[in-house]
Amino acid sequence: MNMKKQLWTVLSVMLFAGSAWAQAMGSLAVNGVGGENQGFRKVKAVRCDTTKRGSCDNPVFFDLNKPTAVPAGMYIVGFENSINPDLVEVRQGSTTTLQLERIDIPVNMRDQKVRVYRDMSKLVEQQKIYMTMFYMKRHFFFLDKDNFGDLYLAGAWERDFVQRFTYEACDNVQDGDDAPASVKRAVKICEAWGAARSPKDLRSLFNFNVVEQQKDGSFDQIWVSAPSDSLVMRHPPYLVAVPLKNSTFVSVFPGAYRINVEGKDANGKTIKNVSIEVGNYSKSGSTLGFSLNVDGLFTNLGEGDCASARTWETESRAYCTSDDQEGCDRSAASSCTPM
61 MNMKKQLWTV LSVMLFAGSA WAQAMGSLAV NGVGGENQGF RKVKAVRCDT
111 TKRGSCDNPV FFDLNKPTAV PAGMYIVGFE NSINPDLVEV RQGSTTTLQL
161 ERIDIPVNMR DQKVRVYRDM SKLVEQQKIY MTMFYMKRHF FFLDKDNFGD
211 LYLAGAWERD FVQRFTYEAC DNVQDGDDAP ASVKRAVKIC EAWGAARSPK
261 DLRSLFNFNV VEQQKDGSFD QIWVSAPSDS LVMRHPPYLV AVPLKNSTFV
311 SVFPGAYRIN VEGKDANGKT IKNVSIEVGN YSKSGSTLGF SLNVDGLFTN
361 LGEGDCASAR TWETESRAYC TSDDQEGCDR SAASSCTPM
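If you're matching positions, the sequence shown starts at 61 in this note's numbering and goes up one per residue.
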C-alpha cells in the first residue's frame with residue numbers, strides 16, 4: 061500500500077510540474093512573406109529577463125506564419141536583420157502575433173542591384189541597437205560582411221563580424237594614478253557601460269552622426285578589448301536582403317530603411333537613394349534612441365544660451381548641431397555649448 065501511495069505521489073508531482081510548465085507557455089507568431097532575396101526567412105526570438113541585464117535565453121528560430129510555443133516572457137524579435145522596435149510580451153496561454161511590413165522596390169530600380177539596409181540616421185533604428193545591447197549585452201544577429209562589404213546574416217560556415225563587440229573586457233580593467241591614457245579612457249567607457257540603467261543610457265558608446273556625413277547606413281561603436289584598449293569600430297550598413305537584381309520587395313519589422321542602387325534607369329537618369337519608414341511605432345525622442353559625436357565622448361557640454369549654441373543635448377540626442385536633426389529641437393535642450 062505504501063508503495064502505491066509513493067508511486068501516486070510521484071505521479072502527482074510530475075503531473076503538477078507538467079501542468080505548471082504548460083501554464084508558463086504561450087506562443088509567438090510572425091506573419092508575412094519573405095522577399096525573393098531574403099535567403100534565411102526565419103524568425104529569431106530571444107527571451108530576456110528585463111530586470112537583469114545580460115540574462116537572456118538561447119535564441120528560438122521558427123518559420124513565418126506558424127505560431128510557435130515559447131515560454132512566457134519578454135522577447136526581442138528579429139527577421140532578416142530587421143528587429144521589432146519594442147520588446148514583445150508573450151503571455152501564458154495566449155498567442156502574440158506580429159506583422160511584418162512590406163517594402164516594394166520602385167519599378168525603376170528592379171533591374172539594378174538593389175541594397176536595402178536599416179537607416180541608422182533614424183532614432184527608431186538606433187534604439188534597436190541600444191535595446192539589444194542593454195538586455196543581451198551583445199548584438200542581436202550574427203552578421204557577415206565578406207560577401208558584399210555590408211553586413212548580412214552569417215551562415216554557419218561564415219565568420220561573424222559583430223559578436224566580438226562586447227564589453228566583457230571591462231571586468232579586468234584596472235585604473236591607477238600611473239595608468240596610461242588608453243587605460244583611463246577604457247575605464248571611462250566601462251563606467252558608462254556599467255552605469256547604464258536603461259537602453260538609452262548606452263548612447264555615449266555609439267556615434268550615428270557618421271551616417272549624416274556618409275549617408276550609407278554605417279555607424280561607429282566605441283568598445284574595450286583586452287588588455288584595456290579602447291577602439292572605435294565602424295559598422296558597415298546592415299542589409300535586410302541579399303543585394304541582387306530582380307528584387308521586387310522585402311519584408312521587415314517596423315522601422316526606418318534606405319533603398320540604394322548603383323546605376324541609371326532606362327532613360328539614363330541616375331537613380332537616387334530612397335529613404336522609407338514603415339509600420340507603426342512611437343517616434344517620441346523620449347522613448348527612442350540617441351545620437352552622439354564620438355569626438356566629444358564623455359565631455360560635459362556645460363551651460364550657456366542654447367538659443368545660439370553651437371552644440372546642444374536633448375532628451376532624444378546627446379549631440380545636436382541643427383534644429384533640422386530628428387530629436388534636436390533647441391527649445392528642449394537640457395545643456396549646450398555656447399557659440
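Note that the Cβ used here is the ideal one computed from N, Cα and C, for glycine as well.
By the Cβ neighbour-count rule, Phe268 is buried, with 16 or more other Cβ atoms within 10 Å of its own.
A direct Cα-to-Cα measurement between Val106 and Tyr195 gives close to 10 Å. A residue is called buried once 16 or more other Cβ atoms fall within 10 Å of its Cβ, and Phe121, having fewer, is exposed. Ala129 carries a strand assignment under DSSP once its states are collapsed to helix, strand and coil.
Counting C-beta pairs with one atom in each stretch, the segment 136-155 and the segment 255-267 have fewer than three that are closer than 8 Å, which means they do not touch.
For Arg107, the enclosing beta strand (DSSP E) stretches over residues Lys102 to Cys108. Nearest neighbour of Ser290 by Cα position, chosen from Ala229, Val321 and Arg113, turns out to be Ala229. Arg318 sits in a strand when the DSSP states are folded into three classes. Restricting attention to Lys126, Thr155 and Ala392, the CA atom closest to the CA of Met85 is found in Thr155.
The continuous beta strand (DSSP E) containing Arg178 extends over residues Val174 to Arg178. Taking the Cα of Lys260 as reference, the smallest distance to any Cα among Glu185, Val247 and Val174 is reached at Glu185.
In this structure, Arg170 sits away from Asn333, with a CB-CB distance that is not shorter than 8 Å. Short of 7 Å from the beta carbon of Gln223, and not among the five residues preceding or following it, lie these beta carbons of its own chain, in chain order: Arg198, His199 and Phe202. Non-local beta-carbon contacts of Val300 in its own chain, meaning distances under 6 Å to residues more than five positions away in sequence, involve Glu140, Asn141, Ser142, Val176, Val310 and Val312 in chain order.
Within a 10 Å sphere around the beta-carbon of Asp383 sit fewer than 16 other beta-carbons, which makes this residue exposed.
Our two residues, Cys388 and Leu183, have alpha carbons roughly 11 Å apart in a direct line.
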